[in-house]
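Chemist:
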Amino acid sequence: MIELLVQSSHWQLLLTALAFIALAGVEALSPLSGDRGLRGRRWFANAALFLMGFGVVFMASPLILQSAAWVQAALHFPPLTGLGLPAWLLVLVSFLLIDLLAYLSHALFHGAPWLWRLHRAHHSDTVMDASTGVRHHPFEALVSAALQLMIFTVLGVPLLVVLAYGLITTLWQFVTHADVRLPEPIDRALRLVLVTPGMHRVHHSVRMDEGNSNFGMVLSVWDRLFGTYRRRPAAERAGMPLGIEGEAAPNLTALLADPLRP
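Here the sequence shown is numbered in the numbering used here, starting from 61 and rising by one per residue.
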């Protein structure tokens with residue numbers, strides 16, 4: 061299990077770097093807003109947060125998985141792998157379950173005040189581009205990973221599917237946060253099933269009624285199912301104010317200290 065974690069971590073770092081380079085190139089060729097807002101400082105801060113969070117989660121994962129295994133054994137909860145499902149159906153059910161729990165976890169980070177203090181750094185970016193996708197406080201990354209890995213292990217979701225979903229989500233976050241001008245008919249068609257840049261941009265609005273919506277990570281169906289889907293006309297999205305009302309984008313030191321403030 062530890063060897064699998066190490067191997068997947070190497071692939072995640074490599075593919076994350078390649079995906080960011082690719083999306084940054086697309087943003088340069090076809091930008092939506094074109095606003096880069098101190099791009100060098102932002103990219104440094106966002107990359108630093110990602111690497112710190114990645115390191116913390118990597119070091120804590122063995123302990124989290126072992127603790128989850130103890131809980132699963134104590135509860136005697138029937139694992140998904142014990143239901144006798146065909147391999148393709150097990151993977152499909154596992155993916156849908158993981159994405160649903162990711163949606164619920166995201167909504168929880170907005171709804172619980174102490175979790176919002178961890179998640180707030182992600183929304184403090186007043187300029188949105190691919191790098192915003194990995195702008196998460198290390199403590200948020202740790203709490204989110206612990207919560208989700210615990211649940212997935214107790215439910216008996218195959219670890220390989222969990223790791224694959226984690227990689228898919230990281231890559232898709234670059235896409236959904238990218239400052240790209242995607243033709244509206246394509247964006248509209250894709251968001252019938254998937255979270256798109258146009259859909260997720262609304263989630264980063266300074267208006268909290270919009271910020272507390274569109275919680276989906278990969279699939280958009282959960283927002284539609286639970287009534288948290290919001291949309292804005294394409295003409296309004298490019299210039300809409302982003303970030304947190306009345307707050308300037310903080311530097312790296314302020315981002316790390318952000319959970320300590322009210």
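All C-beta atoms, glycine included, are put in the ideal place defined by N, C-alpha and C.
Relative to the C-alpha of residue 199, which residue among 87, 110, 289 and 255 is closest?
Modeler: Here residue 199 refers to the residue found at position 139 of the sequence shown. The option with the nearest alpha carbon to residue 199 is 110.
Chemist: With DSSP run on the structure shown, which of helix, strand or coil describes residue 240?
Modeler: On the sequence shown, residue 240 is found 180 positions in, with the first residue counted as 1. It is a strand residue.
Chemist: Give the single residue among 239, 266 and 272 whose Cα lies nearest to the Cα of residue 258.
Modeler: For the purposes of this step, residue 258 is taken as the residue at position 198 of the sequence shown. Nearest in C-alpha terms to residue 258, of all of 239, 266 and 272, is 239.
Chemist: Tell me whether residue 302 sits in a helix, a strand or coil according to DSSP, three-state version.
Modeler: Here residue 302 is taken as the residue at index 242 of the sequence shown, counted from 1. Strand at residue 302.
Chemist: Kindly indicate the opening and closing residues of the alpha helix (DSSP H) around residue 156.
Modeler: Locating residue 156 in the sequence shown gives position 96, counting from the first residue. It spans 147–171 - the alpha helix (DSSP H) in which residue 156 sits, taken as one unbroken run.
Chemist: So, are the CB atoms of residue 192 and residue 263 less than 8 Å apart?
Modeler: For the purposes of this step, residue 192 is taken as the residue at position 132 of the sequence shown. For the purposes of this step, residue 263 is taken as the residue at position 203 of the sequence shown. No. Outside cutoff.
Chemist: Quick one: Cα of residue 11 to Cα of residue 223, how far?
Modeler: Any question about residue 11 goes unanswered here, given that the chain covers just 61 to 322.
Chemist: DSSP three-state label for residue 90, please.
Modeler: Residue numbering aside, residue 90 sits at position 30 when the sequence shown is read from its first letter. It is coil, neither helix nor strand.
Chemist: Do residue 230 and residue 302 have their CB atoms nearer than 8 Å?
Modeler: Here residue 230 refers to the residue found at position 170 when the sequence shown is read from its first residue. Here residue 302 refers to the residue found at position 242 when the sequence shown is read from its first residue. Against a cut-off of 8 Å, the Cβ pair of residue 302 and residue 230 comes out as no contact.
Chemist: Should residue 99 be labelled buried (16 or more other beta-carbon atoms within 10 Å of its own) or exposed?
Modeler: Position 39 of the sequence shown, counted from the first residue, corresponds to residue 99. Its Cβ having fewer than 16 others within 10 Å, residue 99 is exposed.
Chemist: Give me, in chain order, the residues of the same chain whose beta-carbon lies closer than 6 Å to that of residue 294; leave out the 5 immediate sequence neighbours on both sides.
Modeler: For the purposes of this step, residue 294 is taken as the residue at position 234 of the sequence shown. Excluding positions up to five away in sequence, the list reads 244.
Chemist: Leaving out the 5 sequence neighbours to the left and right, which residues in its chain are closer than 6 Å to residue 292 when beta-carbon positions are compared?
Modeler: As a first step, residue 292 must be located in the sequence shown, where it is residue number 232. Counting only Cβ-Cβ distances below 6 Å, and skipping sequence neighbours, we find 262.
Chemist: As an exercise, report each continuous alpha helix (DSSP H) stretch of at least 4 residues that is fully enclosed by the region 169–252, in chain order.
Modeler: 173–183, 198–215, 219–237 and 244–250
Chemist: What does the Cβ neighbour count give for residue 144, buried or exposed, with the cut at 16 atoms within 10 Å?
Modeler: As a working mapping, residue 144 is identified with position 84 in the sequence shown. The residue in question, residue 144, is exposed, as its Cβ has fewer than 16 Cβ neighbours within 10 Å.
Chemist: List the residues that DSSP assigns as beta-bridge partners of residue 75.
Modeler: Position 15 of the sequence shown, counted from the start, is the residue given in the question as residue 75. The secondary-structure analysis by DSSP pairs residue 75 with nothing; it has no beta-bridge partner.
Chemist: Quick one: give me the first and last residue of the alpha helix (DSSP H) that residue 264 is part of.
Modeler: Position 204 of the sequence shown holds residue 264. Counting along the chain, residue 264 falls outside any alpha helix (DSSP H), and DSSP gives it neither H nor E.
Chemist: Classify residue 316 as helix, strand or coil using the three-state DSSP reduction.
Modeler: Here residue 316 corresponds to residue number 256 of the sequence shown, with the count starting at 1. DSSP places residue 316 in helix when its eight states are reduced to three.
Chemist: Using CA atoms only, rank isn't needed, just tell me which of 115, 270, 214 and 316 is closest to residue 300.
Modeler: As a position in the sequence shown, residue 300 is number 240, starting the count at 1. When each option's Cα is compared against that of residue 300, the closest is 270.
Chemist: Give a yes or no on whether the C-beta atoms belonging to residue 235 and residue 89 are separated by under 8 Å.
Modeler: The residue you call residue 235 lines up with position 175 of the sequence shown. The residue you call residue 89 lines up with position 29 of the sequence shown. Contact: no.
Chemist: If you run the structure through DSSP and keep just helix, strand and coil, what is residue 254?
Modeler: By one-based count along the sequence shown, residue 254 stands at place 194. It is a strand residue.
Chemist: If the criterion is Cβ atoms closer than 8 Å, does the pair residue 140 and residue 216 meet it?
Modeler: Residue 140 sits at position 80 when you count from the first residue of the sequence shown. Residue 216 sits at position 156 when you count from the first residue of the sequence shown. Yes, the Cβ-Cβ distance between residue 140 and residue 216 is below 8 Å.
Chemist: Rounded to whole angstroms, what's the CA-CA distance from residue 214 to residue 128? Just pull it up for me.
Modeler: Indexing the sequence shown from 1 puts residue 214 at position 154. Indexing the sequence shown from 1 puts residue 128 at position 68. It is roughly 6 Å from the alpha-carbon of residue 214 to the alpha-carbon of residue 128.
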